[in-house]
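Residue numbers (my numbering), protein chains in the order written: chain A, 1 to 580; chain B, 1 to 196.
We treat Cβ as the ideally placed atom computed from N, Cα and C, and that holds for glycine.
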Amino acid sequence: MNEKQIMLGNEAIARGAYEAGVKLSSAYPGTPSTEISEYLAKYEEVYTEWAPNEKVATEVAIGASVSGVRSLACMKHVGLNVASDPLYTFAYTGVGGGCVIVVADDPGLASSQNEQDTRMVARSAHVPVLEPSDSQEAKDFLKLGYEISEKYDTPVILRTTTKLAHSQSAVTLCERTEVADKEYERNVTKYVMMPSSAIGRHKVVEERENRLAVDAAALPCNKMELCDKRIGFITAGIAYQYVKEVLPNASVLKFGMTHPISKALVEEFCKNVETVYIFEELEPVIEEQIRAWGFDVKGKELFTKQGEYSANLLRRVLYGKDEAVFEKADVPARPPILCPGCPHRSVFSVLKKLKIHASGDIGCYTLGAVAPLGVIDTTVCMGASLSALHGMEKGRGKEFIKNWVAVIGDSTFLHTGINSLIGMVYNKSTATVMILDNRTTGMTGHQDHAATGKTLKGEDTYAIDLAALCRAVGVPRVFEVDAFDTKELERVIRESVTGDTLTVIITKAPCVLLKGQKFASKCRVVSDACRACGACLRIGCPAITKDADGRMRIDATMCNGCGLCKDQCKFGAIETVVNE
Amino acid sequence: MMTKNIMIVGVGGQGTLLTSRIIGRAALAAGLDVKISEVHGMAQRGGSVVTFVRFGESVSEPVVEEGQADVVIAFERLEALRYAHFLKKDGVLVVNDCRIDPMTVVTGAREYPENILDGLSDAHTVYAVDGRAVALALKNSKVLNSVVLGFAARHIGFDEALWLDTVEKTVPPKTVAINREAFLRGYALSTKENEK
């Protein structure tokens, strides 16, 4: 089998896991890592699952590894923060069967709350990092990761970035190699990290990293291309492609393993090349190491720590100009918005009407922060909406939060929101928490979770009852309300925020984009009745626009018939028509 | 051959991702090296969506940058204006002539610019098609992307047979016939007369 296919970076990683004989993968969705699990789930030979969060996913992979099989965990960069607790100590225990953790960074913030560099975490955890620069390397490096993991008894991080994860290039497919399960042996000094064992393992970790740094000179993923010796680049990942684009004849030292890096290779490169630039996205991880060794290189004084790199960025630094010919026009922005028929819009329209502030969380509903809805005041990380509101109450007193709620999605609630809720119950919170239950992980493109009743493999399973869960941890008052029943929502929210009882309001309506969602009707403006007041525009539905005469128009191909606009119209100018 | 740079821009939900995949597969079928890149922002729908296809003997970076696009295919007028500066000096702009107001216009914060295509044709070679009308004539608004692709195909390269073969292999099996027809209608419209 030497078939060539064009593959997404994430699809190639899944293929690599399949070919490497991986038996188990656990993950929590997060852009730009989500598709890895979705592609991998299609291979019958590999057990794949969605974990409630990245810490759990990593621990599941650790367990599989200890039991003797090759395992995988996948997440985005901020997911690694959640998983850092097991990661740091997994570096001490080392592996049984090989284990690779794929972490997808998001330079340029296509869909994230910060721009952190996973290599910094890996360096402090003493875990080696591999960085591919195209889909073929994504597959090859993942497989190499298992060899390194088993040879050096260490977890390995495969670090990708948005451009790598979400671009497609040709990949040559290979057969799957079945790897025999390792014989399980009880080994307390290796796998039980109490102080007496960990003292010994810390030594092992350091020796391992030093050995790997020496052996890195011969690793096939590190590549030296000595061409024009006047100018050279030390680079890694997708940044390598920009160097090749601008200066195909420059000398290049491309690190496939960016932690630890090989000093011998740097020495040889710098000896041969007159001017050496270090071209790496985000933090100066390679650069700091090389400068610490005393080499004369150019780096972050020229190239930014922020955002994605590009060939034009490199051209601007080297030549003072890029290839642009035309001026960029001043054009109205087109920010992402909640979809027509999105249940979050209905909830936010009520909060806006009641002039309520929301402590926000991570999901599509973060868009509730922007105009025209503008109800969310804070967004930090998964689960923070509840705990931050709790902090406000305890900091400023319960009167301060009488016009506040926390809003969190169903998947995010199960990720880490539940811990915060337990803290609120325990510490006598009087807050109002709204779980916007749309029956899916919407933001990342519809992944199932523990309350949807389906596994990643598509099998039926137990669906956690969110209301019962909240009651079980001791929440005294739990409401379940149809997200589109704005009257009832208004009543329940008023009652909850003004009271002194911790309340959870679960608003229910499936994501409008979920497969199989059908709408019986559409909304239409009755032109004669429309007074052009613009009330319907204030819910920020993209299907509603203003005509030249100032009257409203609803795009029939976009409208999903939720009827929220109809609720806003005092003149009865919006009618519902049955779908043909 | 020189690497050819195609950029496809539109609004989430218009089918631009599938369009880039068809172009990429056509290039692969023609025996070329290909890279495709998708840039999608936070939400599923409504935001500005950009994809790039680059093909040639050997392709390094997966994105097309300012000043490099041979062809920009814009599925909406405002998006054409937003990304026209990615064109090369003699690049071609293919526009699906429709207007979708962004939220900044709906809320009244900004005005939707007037006469976008006339303005763009001062500096660029612009071809425009009302893809929606063609799709509606076929009674299927979802084939808009095949109409626009057909209309843009001559500027990208490859012969008609390769295009049709790739469209048929890439679109969902049940929609092959209608997408083929949509592509052909767009293709037939792409003559000199449509230059703005």
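Residue i versus residue j - alpha carbon distance
i, j, result
"Glu178 (chain A)", "Tyr319 (chain A)", "51 Å"
"Thr161 (chain A)", "Met552 (chain A)", "43 Å"
"Ile101 (chain A)", "Ile13 (chain A)", "11 Å"
"Arg186 (chain A)", "Tyr92 (chain A)", "16 Å"
"Asn419 (chain A)", "Ser190 (chain B)", "59 Å"
"Ser65 (chain A)", "Ile356 (chain A)", "48 Å"
"Thr461 (chain A)", "Gln447 (chain A)", "14 Å"
"Ala104 (chain A)", "Cys569 (chain A)", "45 Å"
"Ile417 (chain A)", "Ala213 (chain A)", "At residue 417 (chain A) the sequence reads Gly, which differs from the Ile that was named. For Gly417 (chain A) and Ala213 (chain A), the distance between alpha carbons rounds to 40 Å."
"Gly46 (chain B)", "Val105 (chain B)", "13 Å"
"Arg345 (chain A)", "Leu513 (chain A)", "14 Å"
"Ala153 (chain B)", "Val11 (chain B)", "20 Å"
"Ile8 (chain B)", "Val34 (chain B)", "15 Å"
"Pro588 (chain A)", "Glu209 (chain A)", "Look at the range of chain A in this structure, 1 to 580, and you will see that residue 588 (chain A) is not part of it."
"Val526 (chain A)", "Ala535 (chain A)", "15 Å"
"Ala583 (chain A)", "Ile36 (chain A)", "No answer is possible for residue 583 (chain A): the residues shown for chain A start at 1 and end at 580."
"Ser84 (chain A)", "Lys143 (chain A)", "23 Å"
"Glu65 (chain B)", "Gly374 (chain A)", "34 Å"
"Pro335 (chain A)", "Thr3 (chain B)", "32 Å"
"Val50 (chain B)", "Val78 (chain A)", "25 Å"
"Phe255 (chain A)", "Val266 (chain A)", "10 Å"
"Tyr187 (chain B)", "Gly131 (chain B)", "11 Å"
"Ala108 (chain A)", "Glu115 (chain A)", "With the sequence shown as reference, residue 108 (chain A) is identified as Gly, and Ala is not the correct amino acid for it. The straight-line gap from Cα to Cα measures roughly 7 Å."
"Ala43 (chain B)", "Ile337 (chain A)", "Because the pLDDT of Ala43 (chain B) is 47, which lies under 50, any placement of that residue in the model is unreliable, and the question is left without a value."
"Gly13 (chain B)", "Val63 (chain B)", "21 Å"
Sub-7 Å separation of residue i and residue j beta-carbons
i, j, result
"Thr118 (chain A)", "Val347 (chain A)", "no"
"Ile6 (chain B)", "Ile22 (chain B)", "no"
"Gly409 (chain A)", "Gly445 (chain A)", "no"
"Thr275 (chain A)", "Ile231 (chain A)", "yes"
"Met257 (chain A)", "Leu130 (chain A)", "yes"
"Lys139 (chain A)", "Gly9 (chain A)", "no"
"Ala450 (chain A)", "Ile464 (chain A)", "yes"
Beta-carbon neighbours of residue i, restricted to chain A and to distances below 9 Å
i, result
"Lys88 (chain B)", "Glu323 and Val325"
"Asp33 (chain B)", "Ser169 and Ala170"
"His155 (chain B)", "The premise fails here: His155 (chain B) is roughly 18 Å from chain A at the closest Cβ pair, so nothing lies under 9 Å."
Contact set between residue i and chain B, taken where Cβ atoms lie within less than 8 Å
i, result
"Lys163 (chain A)", "Ser37, Pro62 and Val63"
"Val331 (chain A)", "Leu78, Leu81, Arg82 and Pro113"
"Arg334 (chain A)", "Val11, Gly46, Gly47, Ser48, Leu78, Glu79, Arg82, Pro102, Met103 and Thr104"
"Glu283 (chain A)", "Residues of chain B passing the Cβ test: none, with the nearest at roughly 21 Å."
"Gln241 (chain A)", "Ser60, Glu61 and Pro62"
"Ile6 (chain A)", "Gly24, Arg25, Leu28, Val34 and Ile36"
"Asn312 (chain A)", "Glu65, Glu66 and Gly67"
"His166 (chain A)", "Ser37, Glu38, Val39 and His40"
Within chain A, partners of residue i - CB distance below 7 Å
i, result
"Met7 (chain B)", "Neighbours of Met7 (chain B) on chain A: none; closest Cβ ~13 Å, over 7 Å."
DSSP-derived helix/strand/coil call for residue i
i, result
"Ile464 (chain A)", "coil"
"Thr378 (chain A)", "strand"
"Glu575 (chain A)", "strand"
"Arg531 (chain A)", "coil"
"Lys457 (chain A)", "coil"
"Met434 (chain A)", "strand"
"Ser141 (chain B)", "helix"
"Lys298 (chain A)", "strand"
"Gln447 (chain A)", "strand"
"Trp404 (chain A)", "strand"
"Glu115 (chain A)", "coil"
"Thr16 (chain B)", "helix"
"Asp485 (chain A)", "coil"
"Gln5 (chain A)", "strand"
Chain B residues whose Cβ lies nearer than 7 Å to that of residue i
i, result
"Cys536 (chain A)", "Going along chain B, no residue has its Cβ under 7 Å from Cys536 (chain A), so there is no contact; the nearest lies around 10 Å."
"His344 (chain A)", "Per Cβ cutoff of 7 Å: no residues; His344 (chain A) is ~11 Å from chain B at best."
"Thr545 (chain A)", "Asp101 and Val106"
"Lys244 (chain A)", "Ser60"
Partners in chain B for residue i, counting only beta-carbon separations shorter than 9 Å
i, result
"Ala371 (chain A)", "Met103, Thr104, Thr107 and Ala109"
"Gly540 (chain A)", "Met103, Val106 and Thr107"
"His126 (chain A)", "Those within 9 Å of His126 (chain A) in chain B number zero; the least Cβ separation is about 32 Å."
Listed by chain order, chain A residues near residue i by CB distance under 8 Å
i, result
"Gln68 (chain B)", "Glu323"
"Ala123 (chain B)", "Phe326"
"Ser141 (chain B)", "Thr557"
Review point. What residue ranges within the region 230-282 of chain A form continuous alpha helix (DSSP H) runs of no fewer than 4 residues, ordered along the chain?
Key: Complete alpha helix (DSSP H) runs here, min 4: 239-246 and 263-272.
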